[in-house]
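J.: Below: one structure in structure tokens.
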Amino acid sequence: MPDRLRYHRLISHISRRLTLVSMAALLLLFILPGRVQGQILNIERARVEQDSANYFTGKAGLSFSMFNRNAGKDNPNNYLQLTFDGNVAYVSKLHSYLLLNYYNYLLVNYDSKELRNTVASTGYSHVRVNFFRARRLSYEAFSQVQADKARGLELRTLAGAGLRYRLLKREASGVYLGSGLMHEHEEWSNPEEDNQLIASNLVKLTNYVSGKATINENVGAEGIAYYQVGYDKRIDSFRNRISGDVSLQVKIYKWFSIRTGFSCTFEDKPIVPVTRFVYAISNGVQVQF
């Protein structure tokens, strides 16, 4: 091979690597402000599509930030934030088993006992089993525990089952539909009644459409949208919830990636008077093993 051709190939390879590293550095800068990540559950993020069986796989991400904001000339507010995101899956010949976990903690004025205040303490743990996972039409059972104290949600537990349909499947992309029934128990703190707890127990229809796509060997995208509805006799009406999550992942090395995402939730008739539409923009790193 001529020396000039080797030289150009070397320069091209180095240039591609520098571009990826530059993208990583740019996105990592957004971690420092520490925006609170959303709690929308993206079940596709932990699914495994390989044909092999009888193995474990998982992903874990951790971000930590400290920053301050102006609250007076000599009295800034100091913030401390910790976010953890970890998924584990076991894939057998016929079925798959998922465990998804997320936790976000935000503390204001961590350096002062008098002014210290927990702004956010949110998280969930979700278990899902996909029976006969390789079939076009398969079956699911799931259970979840969740809390979002920043919104007043002290506890949410749910359990249910449903169908999953593979609408489209390509080598590294796919679109899926899901529908089922679940029982949901919620405990909300009412901000207008001295934070009195209000409990709700509803049977709901839960539906989702999800998809993932590999743009190239280093870039992938995925998203999911949920629609859940249940009839509440106390208000003689249906309560509707729509939520969604989309994310973009850029692989820097084989086991290390950076991720940015957007999530949102809309509830037309909240159990207690809270903001009906909430959203979050998140940036972080991910380690795959």
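Going letter by letter, the sequence shown gives residues 1157 to 1445 in our numbering.
Glycine residues also receive a C-beta, built at the ideal position from the N, C-alpha and C atoms.
None of these values were measured; they are calculated from a predicted model.
1. Which of helix, strand or coil does DSSP assign to A1355?
2. Are the beta-carbon atoms belonging to E1343 and I1354 less than 9 Å from one another?
3. Which one of K1407, C1420, M1338, P1347 has the shortest CA to CA distance from F1298?
4. Just checking Y1364 against the ligand SAM - is the residue's beta carbon closer than 8 Å to any of the ligand's heavy atoms?
5. Pick from I1427, I1371, N1357, G1400: whose alpha carbon is nearest that of L1381?
6. When you compare the segment 1386-1394 with the segment 1301-1314, are there three or more beta-carbon pairs, one atom per stretch, that lie closer than 8 Å?
7. Residue ranges of each beta strand (DSSP E) run of no fewer than 3 residues wholly in the segment 1238-1320, ordered along the chain?
8. In three-state terms, what does DSSP make of E1348?
9. Quick check on DSSP: helix, strand or coil for R1432?
10. Keeping to the same chain, check which residues put their C-beta closer than 6 Å to that of V1434; ignore five residues upstream and five downstream.
11. Using DSSP's beta-bridge definition, name the partner residues of D1388.
12. Is it buried or exposed for T1362, if we count other Cβ within 10 angstroms and need 16 for buried?
13. Run through DSSP, which three-state label would V1177 get?
14. By the 10 Å Cβ neighbour count, where 16 or more other Cβ atoms means buried, how is R1284 classified, buried or exposed?
15. Taking only the alpha-carbon atoms, compute the straight-line gap between Y1364 and S1335 and give it to the nearest angstrom.
16. Determine contact between the segment 1257-1264 and the segment 1275-1294, defined as no fewer than three beta-carbon pairs at a distance below 8 Å.
17. Could you pull out every residue in the same chain whose Cβ sits closer than 6 Å to the Cβ of Y1321, ignoring the five residues on either side in sequence?
18. So, helix, strand or coil for I1408, using DSSP?
19. What does the Cβ neighbour count give for A1315, buried or exposed, with the cut at 16 atoms within 10 Å?
20. Residues in its own chain within less than 8 Å of R1432 by CB, not counting five upstream and five downstream?
21. Apart from the five residues just before and just after Y1295, which ones in its own chain have a Cβ nearer than 8 Å to its Cβ?
22. Hey, out of G1217, F1212, N1210, Y1211, whose CA is closest to S1413's CA?
23. Distance, Cα to Cα, G1379 vs V1331?
T.: Reading off the structure:
1. Indexing the sequence shown from 1 puts residue 1355 at position 199. A1355: strand per DSSP, three-state reduction.
2. Translated into the one-based positions of the sequence shown, residue 1343 becomes position 187. Translated into the one-based positions of the sequence shown, residue 1354 becomes position 198. Cβ atoms of E1343 and I1354: closer than 9 Å.
3. Taking the sequence shown and counting its residues from 1, the one referred to as residue 1298 is at position 142. With distances taken between Cα atoms, F1298 lies closest to M1338.
4. Annotation note on the ligand SAM: not contained in the displayed structure, which lists no ligands.
5. Here residue 1381 refers to the residue found at position 225 of the sequence shown. Note on identity: in this sequence residue 1381 is Ala, with Leu being the wrong assignment. Nearest option by C-alpha distance: G1400.
6. no
7. 1252-1264, 1273-1287, 1293-1304
8. Taking the first residue of the sequence shown as position 1, residue 1348 is located at position 192. DSSP places E1348 in coil when its eight states are reduced to three.
9. Residue mapping note: residue 1432 aligns to position 276 of the sequence shown, counting from 1. It is coil, neither helix nor strand.
10. Counted from its first residue, the sequence shown places residue 1434 at position 278. Hits under 6 Å: T1421.
11. Taking the first residue of the sequence shown as position 1, residue 1388 is located at position 232. Partner(s): S1393.
12. In the sequence shown, counting from the first residue as 1, residue 1362 sits at position 206. Buried is the call here.
13. Counted from its first residue, the sequence shown places residue 1177 at position 21. Reliability fails at V1177, whose pLDDT of 38 lies under 50, so the model's placement of it is uncertain and the value that follows must be treated cautiously. If DSSP states are grouped into helix, strand and coil, V1177 belongs with the helices.
14. Taking the first residue of the sequence shown as position 1, residue 1284 is located at position 128. Label assigned to R1284: buried.
15. Within the sequence shown, residue 1364 is the residue found at index 208, counting from 1. Within the sequence shown, residue 1335 is the residue found at index 179, counting from 1. Cα to Cα, Y1364 sits roughly 7 Å from S1335.
16. yes
17. Taking the sequence shown and counting its residues from 1, one reaches residue 1321 at position 165. The answer, listed in chain order, is L1293, L1333.
18. As a first step, residue 1408 must be located in the sequence shown, where it is residue number 252. I1408: coil per DSSP, three-state reduction.
19. Along the sequence shown, one-based indexing puts residue 1315 at 159. The residue is exposed, with fewer than 16 neighbouring Cβ atoms inside 10 Å.
20. Counting from 1 along the sequence shown, the entry for residue 1432 is found at position 276. F1422, E1423, D1424, P1426, listed in sequence order.
21. In the sequence shown, counting from the first residue as 1, residue 1295 sits at position 139. Contacts found: N1286, F1287, F1288, A1317, G1318, L1319, R1320.
22. For the purposes of this step, residue 1413 is taken as residue 257 along the sequence shown, with counting starting at 1. Minimum Cα distance to S1413 is reached at G1217.
23. Sequence index remark: in the sequence shown, residue 1379 carries index 223 (1-based). Sequence index remark: in the sequence shown, residue 1331 carries index 175 (1-based). G1379 and V1331: Cα-Cα distance of roughly 10 Å.
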